[in-house]
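Numbering (our numbering), first residue to last: 2 to 180.
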């Protein structure tokens with residue numbers, strides 16, 4: 002492995018080998034059943050999370066999209082392009098949300114220190130208060146959920162979810178490469 006390129010091909014080879022052995026170790030009908038079960042569970046979890054987020058943000062008179070923008074900007078001043086990238090959407094989806102939050106006094110635009118042509122986004126005091134309260138409410142929800150599990154179950158749950166997330170991101174990246 003003399004270069005990064007060799008390393009990349011080596012890793013790709015290993016991943017494909019593992020995927021091949023996973024494929025031949027699981028009968029196709031069983032894999033199909035498991036895929037359907039995983040799809041159903043992830044869909045139901047996503048719906049539960051969206052309902053929870055709607056409840057959290059609507060307490061502050063925000064849409065879910067506006068709430069996500071506030072929480073993203075709460076992590077640090079961002080340009081609109083960086084915000085769109087962080088949220089995984091095109092900039093045109095961010096523009097009306099930002100405009101609404103600026104008009105309501107939750108966000109402000111300021112001259113970028115790195116590029117005077119860009120107007121960075123920053124939370125106002127009221128925006129900070131709402132973002133802090135929304136994040137506290139969100140964390141309280143998850144604390145209550147985790148209390149329903151034994152310590153060993155929590156550890157295993159978080160390990161498994163982390164593993165699932167890594168593999169979902171890997172499959173997502175591979176699908177983009179194939180397209």
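Where a beta carbon is used, it is the ideal one built from N, C-alpha and C, also for glycine.
What did DSSP end up calling residue 117 once you bin it into helix, strand or coil?
-> coil
Given residue 68 as reference, the closest of 145, 132, 176 and 170 once Cα atoms are compared | For residue 68, the nearest C-alpha among the options comes from 132.
Using the C-alpha atoms, what's the distance from residue 75 back to residue 8?
-> Caution applies to residue 8, whose pLDDT of 48 falls short of 50 and renders its modelled position unreliable; the value that the coordinates give is listed next. When rounded, the distance between both Cα atoms is 38 angstroms.
Can you tell me whether residue 150 is buried or exposed, with buried defined as 16 or more other CB within 10 angstroms of its CB?
-> exposed
What residue range is occupied by the uninterrupted beta strand (DSSP E) comprising residue 108?
-> In the DSSP assignment, residue 108 falls within the beta strand (DSSP E) that extends over 108 to 112.
Please confirm whether residue 109 and residue 123 have their CB atoms less than 8 angstroms apart.
-> yes
To the nearest angstrom, how far is it from the Cα of residue 32 to the Cα of residue 177?
-> 22 angstroms
Euclidean distance between Cα positions of residue 106 and residue 35 | 48 angstroms
Beta-ladder partner(s) of residue 123, from DSSP | 109
Nearest-angstrom Cα distance between residue 1 and residue 161?
-> No statement about residue 1 is possible, as the shown extent of the chain runs from 2 to 180 and does not include it.
Using the DSSP secondary-structure output, state which residues sit across from residue 79 in a beta bridge.
-> 122
Spatial neighbours of residue 142 in its chain, beta-carbon cut-off 7 angstroms, leaving aside the 5 residues before and after | 53
What does a CB cutoff of less than 8 angstroms around residue 91 pick up in its chain, not counting 5 residues either side in sequence?
-> 85
CB contact flag (residue 112, residue 120, <8 angstroms) = yes
Shortest alpha-carbon distance to residue 48 belongs to which of 65, 169 and 61?
-> 65
Throw me the rounded Cβ distance for the residue 71 and residue 51 pair, which I believe falls under 8 angstroms.
-> About 17 angstroms; that fails the 8 angstroms criterion.
With 16 as the cutoff for other CB atoms within 10 Å, does residue 42 come out buried or exposed?
-> exposed
Close-in-space but distant-in-sequence residues of the same chain around residue 55 (CB under 8 angstroms, 5 per side omitted) | Once the five neighbours on either side are set aside, the close Cβ partners of residue 55 are 65.
Which class does residue 61 belong to by DSSP, given the choice of helix, strand or coil?
-> Of the three classes helix, strand and coil, the one that applies to residue 61 here is coil, per DSSP.
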